[in-house]
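Numbering (this note's numbering), first residue to last: 87 to 238. Just so it is clear, CB atoms sit at the ideal spot from N, CA and C, and this is done for glycine as well.
This is how it looks when you write it as structure tokens:
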């Protein structure tokens, strides 16, 4: 039931993109299977040829796993819409995956959407990511203030 609602929500978001390329991040292999079943035209971005095709505008619906797409990939030329179908608990992977579109050379506003069903693990993960981000930001600010004090 939950997966059907999530797939319906994903379909609505893809339709709302009005033909613009959409990148979908998934964490679980069973989610990948469900997405591919509903959207057979979707293509996983796994190889350099896939990345080149995405950036060339040849892939309208791309699928990425954060563990393999988190670092070093330039995906900003292929689109500006990222939908998180399933989330990772890792703030680093979440931020790095988002940064694949928020990069130098991106010419459009980036839209990142999380599909989180009510009373689900998705909401718990989003809260955890927010908490981790706040902690990380506080630490960075504290270090910056300490370093600023040392330079006086």
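Query, Result
"Complete runs of the beta strand (DSSP E) confined to the segment 172 to 235 [at least 3 residues]", "197 to 200"
"The segment 194 to 214 in contact with the segment 147 to 157 per 3-pair CB rule at 8 angstroms", "no"
"Cβ-Cβ distance between residue 118 and residue 168 below 8 angstroms", "no"
"Residue burial classification, residue 229 (beta-carbon count within 10 angstroms, cutoff 16)", "exposed"
"Sub-8 angstroms separation of residue 196 and residue 166 beta-carbons", "yes"
"CB of residue 161 within 8 angstroms of CB of residue 109, strictly", "yes"
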